[in-house]
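Residue numbers for the sequence shown follow the numbering used here, so the first one is -17 and each next one is one higher. Here's the structure we're looking at; comments come further down.
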Amino acid sequence: MKQISGIAFLAFFLMSFTCVDFNKTLLGKWELKTIQTAGKPAMSTKEILGDSFMEFKSDFTYIESGESDSKGVWKITAEKYLQTKSEKQADFSEKMELKELAPGKIQITSPDKTSLVYERVK
């Protein structure tokens, strides 16, 4: 009996670290570091786009700044997909998969398999 409860506790403990609450994790300002298109090596965005940032706010609004500035709203669906809607869009974007690579580092992958890696601005 002790062995079963110990295994159950260990499973719960490990699951608590693998589930990321992106509604909280995303809050703040993020700098775009790399872009990788399917089958091609990652490229540094600073060389291509200059500084590019996304700031996610607790009221589910966002500000994208860099080469082109935009504002809009964001939401998380199925606990791992990001969808955005800029002021100019009628509907939310397609689901983009979110992954936390490390504390302060996330990856957003679009349906066309383009991956964007962001690092938290301190």
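A virtual CB, placed ideally from N, CA and C, is assigned to each residue, including glycine.
At the level of alpha carbons, what is the spacing between residue i and residue j?
i: ALA20; j: SER92; result: 10 Å
i: GLN189; j: SER75; result: The question about residue 189 has no answer, for the chain in this structure spans -17 to 104.
i: MET25; j: LEU83; result: 17 Å
i: GLY10; j: PRO23; result: 28 Å
i: ASP51; j: SER34; result: 9 Å
i: LYS53; j: PRO85; result: 25 Å
i: GLU79; j: TYR100; result: 13 Å
Which word fits residue i, buried or exposed, when buried means at least 16 other C-beta atoms lie within 10 angstroms of its C-beta?
i: VAL103; result: exposed
i: ILE90; result: buried
i: PHE4; result: buried
i: PHE42; result: exposed
For residue i, tell me which candidate among the options has the shortest Cα-Cα distance.
i: LEU8; options: TYR44, PRO23, LYS67; result: TYR44
i: GLU37; options: GLU79, LYS81, THR66, MET78; result: THR66
i: ALA72; options: SER97, LYS28, LYS15, VAL55; result: VAL55
i: LYS39; options: ILE58, THR16, VAL2, LYS70; result: ILE58
May I ask which residues mark the beginning and end of the alpha helix (DSSP H) holding residue i?
i: THR7; result: 4 to 7
Say the cut is 8 Å; is the CB of residue i nearer than that to a heavy atom of the ligand NAD?
i: LYS62; result: Looking at this structure, you won't find the ligand NAD or any other ligand, since it has none at all.
Which stretch, first to last residue, makes up the beta strand (DSSP E) that contains residue i?
i: THR16; result: 10 to 18
i: THR59; result: 52 to 59
i: GLN89; result: 87 to 91
i: SER47; result: 43 to 47
i: LYS81; result: 78 to 84
Taking the DSSP output, what are the residues bridged to residue i?
i: MET26; result: Note that residue 26 corresponds to Ser in the displayed sequence, not to Met. Its beta-bridge partners are THR16.
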